[in-house]
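A.B. asks: Per the numbering used here, residue 7 is the first one in the sequence shown, and the count goes up by one each step. Once you've had a glance at the structure underneath, I'll fire off some questions.
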Amino acid sequence: MPAPVEQIGGGRTTVAPRPDPERSAAFLAALSARLPGLAVRTDPADLEAHRRDETVNLEPPMPLAVVSPSTAGEVAEIVGLAAAYRVPIVPRGEGSGLSGGAAAVAGGLTITFRKMASVLSIDLANLVATVQPGIINATLKALVAEEGLFYPPDPASCDICSIGGNVGTNAGGLCCVKYGVTRESVLSLEVVLADGSTIRTGGTTVKDVAGYDLTRLFVGSQGTLGIVTEVTVRLRPIPPPKMTMLAFFTTLTQAGDAVARITAARVVPCTLEMMDGFTIRAVEDYGHFGFDTTAAAMLMVESDAPGSAANDEILTAERACREAGATFTVASTDPAEADLLRQGRRSAWWAIQRLGLARMDDVGVPRSRMPDLVTAVERILAEEGMPGGTFGHVGDGNLHPSFIVARDDPDASDRIERARGRVYAAALELGGTVTGEHGIGLAKRDWLERTRGEGAVRAMRAVKGALDPLGIMNPGKVLPD
Ligand SMILES: Cc1cc2nc3c(=O)[nH]c(=O)nc-3n(C[C@H](O)[C@H](O)[C@H](O)COP(=O)(O)OP(=O)(O)OC[C@H]3O[C@@H](n4cnc5c(N)ncnc54)[C@H](O)[C@@H]3O)c2cc1C
């Protein structure tokens with residue numbers, strides 16, 4: 007008789023240690039003794055400030071304490087001690103995440119990287135830069151631009167999110183349609199593992215296929231497999247200034263049709279974004295950009311192609327929009343004017359947030375199913391009697407439906423939960439995903455298996471169990487219990 011085969015990754019997720027006040031106190035004392043220069047913050051205001059990220063509708067517990075190490079060596083010491091005392095750890099960037107990835111865990115130490123926010127090197131010969139995780143995305147962009155170089159990943163939150171957080175979530179953004187998401191720009195990572203040891207993944211060569219691709223494994227793992235202490239990113243020559251075109255439509259279907267026509271015309275714009283009528287009106291009210299508030303949808307198309315190619319791309323896209331029924335288009339070559347048009351799209355979330363308790367969600371579908379997704383979201387919002395707008399990265403098939411309820415609505419939480427569940431189900435039915443770029447985090451764990459399948463989740467549990475056998479790395483995130 008052959009021996010029974012144990013199922014890979016069977017059973018539950020690695021069980022996180024239970025909070026224990028005595029062990030926690032001993033850990034904090036040991037931490038202060040080992041790293042006397044490290045401020046271990048435990049005052050309630052500090053803890054409250056590090057409790058949540060930007061995800062509405064989550065009520066995480068207070069962290070045990072917050073620390074901001076200055077070196078990778080300190081991070082390794084902290085993690086080693088946390089492993090010894092079985093204390094959970096939450097790595098946190100700027101807390102702009104929209105899936106609860108950086109939300110505190112009970113009895114857990116939150117580690118921030120504000121003191122590890124430098125560019126360590128810019129290698130002009132090889133077009134790579136090595137940075138610490140705390141650097142803000144827009145700061146990195148600006149610093150490499152001084153060298154005539156370009157770091158493409160461009161989340162709409164680029165002014166307020168860190169590279170460590172971008173790696174944690176595999177952040178997308180506005181120019182993925184041409185340049186890909188964060189993982190396409192990450193060559194190598196330095197990672198502190200759950201036992202306090204440090205490894206380097208990948209390298210600085212353009213081609214490198216030695217062994218398993220650990221870089222891709224850590225990118226998007228939301229701090230559940232290790233802590234990133236250095237990131238080596240790929241840079242490109244800075245592209246020419248963008249040409250920007252806006253097109254307004256009387257129906258969402260026309261906008262969807264325009265996207266299909268732009269794609270069919272073989273145009274690969276660097277940005278292809280959409281806002282629905284609700285979002286256009288909210289944005290106009292917020293920033294007075296001069297948008298057509300009677301429109302049902304707006305597309306923003308940008309090209310950074312060299313020379314006359316940008317003009318050609320924008321003209322082709324404009325023609326596709328008109329053929330699809332656009333009532334009005336406006337194009338700009340002047341960088342200041344283009345920036346103003348872009349700011350309209352970037353301010354979508356801030357504009358919607360003012361209207362009540364708002365939750366920005368994140369789903370993706372194959373690009374050809376975009377119009378079906380938009381229609382489904384509209385129907386669900388109408389049936390739930392809930393205002394809300396939809397905007398997002400239509401060129402990637404990635405949309406952000408937002409759900410708005412009155413701040414004093416006693417059923418706010420239930421109503422948002424019901425609506426978002428229906429939208430996830432619709433995205434899955436269309437062959438899509440419950441998250442295009444924000445991650446599973448804490449908010450969508452219950453949807454992971456429905457999205458990826460039981461077998462894939464078992465394999466994920468096996469990876470988690472191998473790299474974090476004590477369950478101390480950001481427990482309760484990504485994998486369902
Ligand atoms: C207005 C607005 C617009 C947004 N637009 C976009 C967009 O266009 N595209 C997009 O993708 N996202 C967008 N986001 C979401 C958010 O900005 C991104 O998810 C971003 O990557 C989070 O970065 P952060 O520094 O705030 O990280 P946090 O929210 O602090 O953390 C995010 C995750 O990364 C992990 N993490 C942080 N640092 C490390 C580290 N050093 N090592 C290991 N894990 C780590 C955390 O544990 C957490 O799981 C938007 C958010 C807002 C509020």
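Quick reminder that beta carbons are idealized off the backbone N, C-alpha and C, glycines included. Quick caveat: nothing in here was measured; it's all calculated off a predicted structure.
Name the residue from Val289, Thr339, Gly482 whose alpha carbon lies nearest to the alpha carbon of Thr396.
C.D. replies: The candidate whose alpha carbon is nearest that of Thr396 is Val289.
A.B. asks: Using the rule of at least 16 other Cβ atoms within 10 Å of the residue's Cβ for burial, across every protein chain shown, is Pro416 buried or exposed?
C.D. replies: With fewer than 16 other Cβ atoms within 10 Å, it is exposed.
A.B. asks: Is any heavy atom in ligand 1 found nearer than 6 Å to the beta carbon of Ala162?
C.D. replies: Yes, since a heavy atom of ligand 1 falls inside the 6 Å radius drawn around the Cβ of Ala162.
A.B. asks: Pairing CB atoms from the region 61 to 80 with CB atoms from the region 38 to 49, are three or more of them under 8 Å?
C.D. replies: Judged by Cβ distances under 8 Å, the region 61 to 80 makes contact with the region 38 to 49, as three or more pairs qualify.
A.B. asks: How would you call Val429, buried or exposed, if buried means at least 16 neighbouring beta carbons within 10 angstroms?
C.D. replies: That one is buried.
A.B. asks: Between the Cα of Asp282 and the Cα atoms of Gly293, Thr257, Asn480, which residue gives the shortest distance?
C.D. replies: Nearest of Gly293, Thr257, Asn480 to Asp282, Cα basis: Thr257.
A.B. asks: Suppose the cutoff is 8 Å on Cβ atoms and the five residues either side in sequence are ignored; what does the same chain contact list for Asp298 look like?
C.D. replies: Excluding residues within five positions, the ones whose Cβ falls inside 8 Å are Phe254, Ile286, Met304, Thr333, Phe334.
A.B. asks: Give me the Cα-Cα distance between Ala151 and Val173, rounded to the nearest whole angstrom.
C.D. replies: Going by the C-alpha atoms only, they are around 21 Å apart.
A.B. asks: Between which two residues does the alpha helix (DSSP H) harbouring Val234 extend?
C.D. replies: It is not in any alpha helix (DSSP H) - Val234 instead sits in the beta strand (DSSP E) that spans 233 to 240.
A.B. asks: Hey, could you find the ends of the alpha helix (DSSP H) Ser30 is sitting in?
C.D. replies: Looking at the DSSP string, the run of the alpha helix (DSSP H) that includes Ser30 is 27 to 40.
A.B. asks: Taking the straight line between their C-alpha atoms, what separation do you get for Asn317 and Glu329?
C.D. replies: Taking the straight line joining both Cα atoms gives about 18 Å.
A.B. asks: Grouping DSSP H, G and I as helix and E and B as strand, with all else coil, what is Ser314?
C.D. replies: Ser314 falls in the helix class under three-state DSSP.
A.B. asks: List the whole-angstrom C-beta distance separating Gly170 from Gly140, where the pair is believed to meet the contact cut-off of C-beta under 8 Å.
C.D. replies: The Cβ separation is near 6 Å, so the contact holds.
A.B. asks: How about Cys518: is its Cβ closer than 6 Å to a heavy atom in ligand 1?
C.D. replies: With the chain represented from 7 up to 487, any question about residue 518 goes unanswered, as that position is not in the structure.
A.B. asks: Which first and last residues belong to the alpha helix (DSSP H) in which Pro50 is found?
C.D. replies: Where Pro50 is concerned, the enclosing alpha helix (DSSP H) stretches over 50 to 55.
A.B. asks: The alpha helix (DSSP H) with Phe409 in it runs from where to where?
C.D. replies: Segment 404 to 411 is the beta strand (DSSP E) holding Phe409; no alpha helix (DSSP H) there.
A.B. asks: Name, in chain order, the residues that DSSP records as bridge partners for Arg369.
C.D. replies: One detail in the question is off: residue 369 reads as Val in this sequence, not Arg. In DSSP, Val369 forms a bridge with Leu405.
A.B. asks: Alpha carbon to alpha carbon, how far is Gly459 from Arg375? Give it in angstroms, no decimals.
C.D. replies: Distance between the alpha carbons of Arg375 and Gly459: 21 Å.
A.B. asks: Go to Ser353, then tell me how far its beta strand (DSSP E) extends in each direction, as first and last residue.
C.D. replies: It is not in any beta strand (DSSP E) - Ser353 carries neither H nor E in the DSSP assignment.
A.B. asks: What runs of the alpha helix (DSSP H), each 4 residues or longer, lie entirely inside the region 136 to 196?
C.D. replies: List check, alpha helix (DSSP H) in window: 143 to 151, 169 to 175, 182 to 185.
A.B. asks: Short check: CB of Leu448 to CB of Val411, under 7 Å?
C.D. replies: Going by C-beta atoms, Leu448 is not nearer than 7 Å to Val411.
A.B. asks: How is Pro341 classed by DSSP in three states: helix, strand or coil?
C.D. replies: Reduced to three states, the DSSP call for Pro341 is helix.
A.B. asks: Can you check which of these residues, Arg206, Gly217, Glu190, is closest to Gly226 by C-alpha distance?
C.D. replies: If we check each option's Cα against that of Gly226, Glu190 comes out closest.
A.B. asks: Report yes if the CB atom of Met306 is closer than 7 Å to the CB atom of Glu324, and no otherwise.
C.D. replies: Cβ distance not < 7 Å, so Met306 and Glu324 don't count as in contact.
A.B. asks: State the Cα-Cα distance for the pair Leu434 and Arg451, rounded to the nearest angstrom.
C.D. replies: Answer to the nearest angstrom: the Cα atoms are 15 Å apart.
A.B. asks: Considering only residues of the region 276 to 308, which uninterrupted beta strand (DSSP E) runs meet the minimum length of 3 residues and lie entirely inside it, listed in chain order?
C.D. replies: For the region 276 to 308, whole beta strand (DSSP E) runs of length 3 or above, ordered along the chain, are 277 to 282.
A.B. asks: Does Ser127 come out as helix, strand or coil in the three-state DSSP assignment?
C.D. replies: Looking at Ser127 - three-state DSSP - the assignment turns out to be strand.
A.B. asks: Which stretch, first to last residue, makes up the alpha helix (DSSP H) that contains Met466?
C.D. replies: Per DSSP, Met466 belongs to the alpha helix (DSSP H) from 460 to 473.
A.B. asks: Look up Met376 in the DSSP assignment and say whether it is helix, strand or coil.
C.D. replies: Of the three classes helix, strand and coil, the one that applies to Met376 here is helix, per DSSP.
A.B. asks: Identify, in the order they occur along the chain, each residue of the same chain with its Cβ nearer than 7 Å to the Cβ of Glu319, setting aside the five sequence neighbours on each side.
C.D. replies: Contacts found: Val273, Pro275, Ser309, Ala311.
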